[in-house]
Each structure stands twice: as structure tokens, then as C-alpha cells.
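In our numbering, each number is its position in the sequence shown, counted from 1, plus 12. Even for Gly, the Cβ is constructed at its ideal location relative to N, Cα and C. Quantities reported herein were computed from a predicted structural model and do not represent experimental measurements.
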Amino acid sequence: MMNDGMRNAGKGTPGLLRIGALEAGGTKMVCAVGNENGELEKRAEFPTETPERTLPRLIDFFRYEGLDALGVGCFGPVDLNRNSQTYGYITNTPKPAWVNCDFAGSLRNALGVPVGFDTDVNGAVLGEVCFGAARGCESAVYITVGTGIGVGIYVNGGLLHGLMHPEAGHMFVARLPEDRYPGRCPYHKSCLEGLASGPAITERFGRPAAELAGRNEVWELESGYIAQAVANLILTLSPQKVILGGGVMHQKQLFPLVRKKTAGLLNGYLSCSAVDKNMDEYIVPPALGDDAGIRGALMLGKAELEHSHGHKAKALEEASEHFAQSLRNYDGDPRKARDTKKTSW
Ligand code: ADP
Ligand code: ZN
Numbered sequence: 013m014m015n016d017g018m019r020n021a022g023k024g025t026p027g028l029l030r031i032g033a034l035e036a037g038g039t040k041m042v043c044a045v046g047n048e049n050g051e052l053e054k055r056a057e058f059p060t061e062t063p064e065r066t067l068p069r070l071i072d073f074f075r076y077e078g079l080d081a082l083g084v085g086c087f088g089p090v091d092l093n094r095n096s097q098t099y100g101y102i103t104n105t106p107k108p109a110w111v112n113c114d115f116a117g118s119l120r121n122a123l124g125v126p127v128g129f130d131t132d133v134n135g136a137v138l139g140e141v142c143f144g145a146a147r148g149c150e151s152a153v154y155i156t157v158g159t160g161i162g163v164g165i166y167v168n169g170g171l172l173h174g175l176m177h178p179e180a181g182h183m184f185v186a187r188l189p190e191d192r193y194p195g196r197c198p199y200h201k202s203c204l205e206g207l208a209s210g211p212a213i214t215e216r217f218g219r220p221a222a223e224l225a226g227r228n229e230v231w232e233l234e235s236g237y238i239a240q241a242v243a244n245l246i247l248t249l250s251p252q253k254v255i256l257g258g259g260v261m262h263q264k265q266l267f268p269l270v271r272k273k274t275a276g277l278l279n280g281y282l283s284c285s286a287v288d289k290n291m292d293e294y295i296v297p298p299a300l301g302d303d304a305g306i307r308g309a310l311m312l313g314k315a316e317l318e319h320s321h322g323h324k325a326k327a328l329e330e331a332s333e334h335f336a337q338s339l340r341n342y343d344g345d346p347r348k349a350r351d352t353k354k355t356s357w
């Protein structure tokens, strides 16, 4: 690996990191280069085809940028367990070509820089926490309502992974009495995503969601499901901000409906002024608009660089401690002083 100080010579802003950001979606890949202040300088989009066709295009975009690190927010499910053999893989996706693809590893091997890897929605919540609507929050959630539904969760100052990563877009919600639509999730039929994703709206009402703006019953139903999800997340995670993004949330009339119905479901139980009096500032659209994910990916790259520096510093400390110990043990016999322990990082 090149000397960090030299790596981005001639590119970017002096004194700032040069970070690659990739928002890997099921239909398109958004690539950008920027810095730790969230400033983006160059971007491009490529269709998501197969790994064989798409990975080389991503690598070509980043290869000569003199990056210090890359951050990737990825569609999933993905493996985020650093101790797993398949860390950084896309695992069980409905896109067959990408099942068991070593996505982060392929990028790291080709680019030779640390690669931060997380879900697309965790990238988006991180972007909003660092630069957007949830700035200064210790805990926040980002719900995207689009082709699928996903929830990025930032709690107590960090992104939540847990056993693998939350999949709260598939939470179970109560069917509304007026709704006859069975739901379309291949796993759960009538989970949140099955009932309230963009394609569910289209299938239920026979037209794309964007063309149903004037149909009140569509948004009454949709807000009824989203509000159940928001109330469940508030009760479970106690976020300081709830951000609702994704294509379906372009229907701005959803916001007042979701706020009112969430308050109705919680029914004053929390006795918390953010929820009871300031709903307009509590449940909000992303301040970064469509850039939440890509700007969050910058910060995933920065975090991974810090993580790898931490590892190097720890290994160095261990090596010097080991060396000091061998010096203390040294009794004049040079064979005993030879250190056979190898340090690697
Ligand atoms: P994706 O989830 O695929 O990354 P989006 O967040 O843009 O992308 O979500 C796409 C979904 O959002 C589609 O199902 C589409 O019907 C719906 N959608 C896009 N724009 C609008 C709009 N203006 N109003 C309502 N629904 C929309
Ligand atoms: Zn489901």
C-alpha cells in the first residue's frame, strides 16, 4: 500500500482525505469522490447488471482517483460480521447474479484501500446524522419507502448491526380494515414492505404511485401503514429524529398524515414534547434529499480508514511491547533474543 500522505498527491483538497463513495442499489450504482466534510466533487451512475459487468466499471471509476478509502452503502442482505468468512459479501439477494458476491473484498483488492461496508439505509442514516436532518443526534432512524422498504438505524452514537443487520422494512403491521390487498412480500406476504412499498401501491390501485397523487384513499392507507412502522420504531429505539425518504415519500401529503397517525397510535403515552408538540420537526424528510446515501458512504469510508489505523497502531504497540519484553529477558545469548513472532495487519 502506498504511503498515506502521498496517496492523493495532486488530487482533492490539501489537508482533507480523498474518499470514494458508492451507493450500490438494485437498479443503479451511484459513485462519487469527496472528502470527510461531505463535499462531493465528481460523480457517475452505472446500471446494476451482473458483478462481471458492473464491478469493472466501478473499479475503473475509482482506480486513478488517489483514494485514501472507499465507503459502500449496499443493497442486501449483506454480511457485516467482521469475523465471518463472508464479511463484505452480498448474501441472499433476490438478484441471482449477486448472490454470494464478495463485493467489498473485490473492491478492496482492486483499489488497495480500506473499504467501509454497510447497508444502503445505514449509509443514508449516517449521512443525515453527519450532515443533514439528524445532525447532533445520538440516535436516529431513516426509513426509505421505495421499491422496497428499508430502515437504517443509528443508536447511541453508532450504526446498529446486531446479529446481522436490522431488516425493519419487513416488520409486521396490522392490516387496515378497509384494505383487501393481500400483500406482495415473497417471504411474509403482508409485512410492511409487502403492503406499503411503491410496487404494492401500484399493484393494489393499478397505476404507478406517482400517478395517484390526487387519490386520498391511497395516501390514507399508505400513511396508516407507515405510521405503524414509525410508532413501533419510536417505541423500540427511542430515536431523536425519524427521517422518511425514498420515492414514495415524494408525495409530500404523506408527512402530515404520518405525523397525525403516529401521534394517534402513541396516544400521549410517551409524555415527550418532541412527539407530543413538535412532530413537524420530529418526523421529517431527508435534509440531504437524494444525497443522504452517497454522503453517508463518504463517512463509511472515513470510519474504515480510522478503523484500519487503529488496527495498525494496536499491532505496532503489541510488537514494541513484545520487543521490550524480549530485551528484558535477554541474558546475552543472541539465539534467545531472536524474535520469531510475526506481526501483521
Ligand atoms: P429504489 O427504492 O428503487 O432505490 P426509489 O426510492 O426512487 O428507488 O423508489 C422507487 C419507487 O417509488 C417506485 O415504486 C415508484 O413507483 C415510487 N415513486 C417514485 N417516485 C414517486 C412519486 N413521485 N410519488 C409516488 N411514488 C413514487
Ligand atoms: Zn417481508
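### Query
Out of curiosity, what's the CA-to-CA distance linking T62 and K40?
11 angstroms
### Query
With distances taken from CA atoms, which of Y154, R187, G164 is nearest I360?
The question about residue 360 has no answer, for the chain in this structure spans 13 to 357.
### Task
Please list, in chain order, all residues with a C-beta atom less than 6 angstroms from at least one heavy atom of the ligand ZN.
H182, C197, Y199, H200, C203, E205, G206
### Task
Answer yes or no: the CB of A221 versus the heavy atoms of the ligand ADP, is any distance below 7 angstroms?
yes
### Message
Tell me the residue span of the beta strand (DSSP E) that contains I161.
### Response
161-167
### Task
Measure how close the beta-carbons of L79 and R30 come, nearest whole angstrom, since I'm counting them as under 8 angstroms.
The C-beta separation of L79 from R30 comes to about 6 angstroms, placing the pair in contact by the 8 angstroms criterion.
### Message
In the DSSP output, what is M176 paired with across the bridge?
### Response
The partner list for M176 (beta bridge, DSSP) is empty, contrary to what the question assumes.
### Query
If we ignore side chains and look at the alpha-carbon of each, how far apart do G148 and P298 end up?
15 angstroms
### Message
As a quick exercise: from A109, M176, T25, P126, pick the residue whose alpha carbon is nearest that of N95.
### Response
M176
### Query
Going by the C-beta, is G83 closer than 7 angstroms to any heavy atom of the ligand ADP?
no
#### Entry: Candidates L204, G259, Q252, Y199, of which the one nearest A225 by Cα
G259
### Task
Return the bridge partner residues of K54 from the DSSP annotation.
BP columns for K54 point to V45.
### Message
Can you find the residues in the same chain that come closer than 7 angstroms, C-beta to C-beta, to N15, ignoring five residues on each side of it along the sequence?
### Response
Bear in mind that the predicted position of N15 carries a pLDDT of just 41, short of 50, making it unreliable; the figure below should be weighed with that in mind. So the list is empty, once near-sequence residues are dropped.
### Spatial neighbours of R69 in its chain, beta-carbon cut-off 6 angstroms, leaving aside the 5 residues before and after
F58
#### Entry: Exposed unless 16 or more other CB atoms sit within 10 angstroms - verdict on R219
exposed
### Message
Starting from I71, trace the alpha helix (DSSP H) in both directions and tell me its first and last residue.
### Response
63-75
### Task
Please check the pair A180 and K253, which I expect to be a contact at CB under 8 angstroms, by giving their CB distance rounded to whole angstroms.
Wrong, their Cβ atoms sit about 16 angstroms apart, outside the cutoff.
### Message
Quick check on the burial criterion: 16 or more other C-beta atoms within 10 angstroms. Buried or exposed for T156?
### Response
buried
### Burial state of D302 (16 or more Cβ within 10 Å)
Exposed, because fewer than 16 other Cβ atoms sit within 10 Å of the Cβ of D302.
### H262 CB to nearest heavy atom of the ligand ADP below 7 angstroms
yes
### Task
Kindly list the residues whose CB is nearer than 7 angstroms to the CB of K23, restricted to its own chain and excluding five residues on each side of it in sequence; keep chain order.
R30, E77, G78
### Query
Do P211 and the ligand ADP come close, with the Cβ less than 7 angstroms from some heavy atom?
yes
### Query
Quick one: what's got a C-beta closer than 7 angstroms to L138's C-beta in the same chain, skipping five residues either side?
Y166, L171, G308, M311, L312
### Message
For a test of the three-state rule: what should DSSP assign to L278, helix, strand or coil?
### Response
helix
### Query
Can you tell me whether DSSP reads T352 as helix, strand or coil?
Summary for T352: the model assigns pLDDT 47, below 50, so the residue's position carries little reliability; its value from the coordinates is reported in the next sentence. The answer is coil: DSSP assigns T352 none of H, G, I, E or B.
### Distance between beta carbons of A243 and L277, contact taken as under 8 angstroms
The C-beta distance from L277 to A243 rounds to 4 angstroms, short enough to meet the 8 angstroms contact threshold.
### Query
On the three-state DSSP scale, how would you describe N341?
helix
### Query
From T274 to Q240, what distance separates their C-alpha atoms?
7 angstroms
### Task
State the Cα-Cα distance for the pair K354 and L119, rounded to the nearest angstrom.
At K354 the pLDDT is 48, less than 50, meaning the model places this residue with poor confidence; the figure from the coordinates comes in the next sentence. Spanning the two alpha carbons is a distance of roughly 27 angstroms.
#### Entry: Close beta carbons around L256, own chain, < 6 angstroms, minus the five adjacent residues each side
I155
### Task
Starting from the C-beta of E205, find all residues in its chain whose C-beta is less than 7 angstroms away, skip the five residues before and the five after it, and write them out in chain order.
Closer than 7 angstroms at Cβ, skipping near neighbours: G160, I161, G181, H182, C197.
### Message
Under DSSP, the alpha helix (DSSP H) around G117 begins and ends at which residues?
### Response
115-123
### Message
For V407 and G164, which I take to be in contact (beta-carbon distance under 8 angstroms), what is that distance rounded to the nearest angstrom?
### Response
Residue 407 lies beyond the residue range present for the chain, which begins at 13 and ends at 357; the question has no answer from this structure.
### Query
Mind checking V125: buried by the 16 CB within 10 Å criterion, or exposed?
buried
### Query
Just to confirm, does T98 get its C-beta within under 7 angstroms of one of the non-hydrogen atoms of the ligand ADP?
Within 7 angstroms of the C-beta of T98 there is not a single heavy atom belonging to the ligand ADP.
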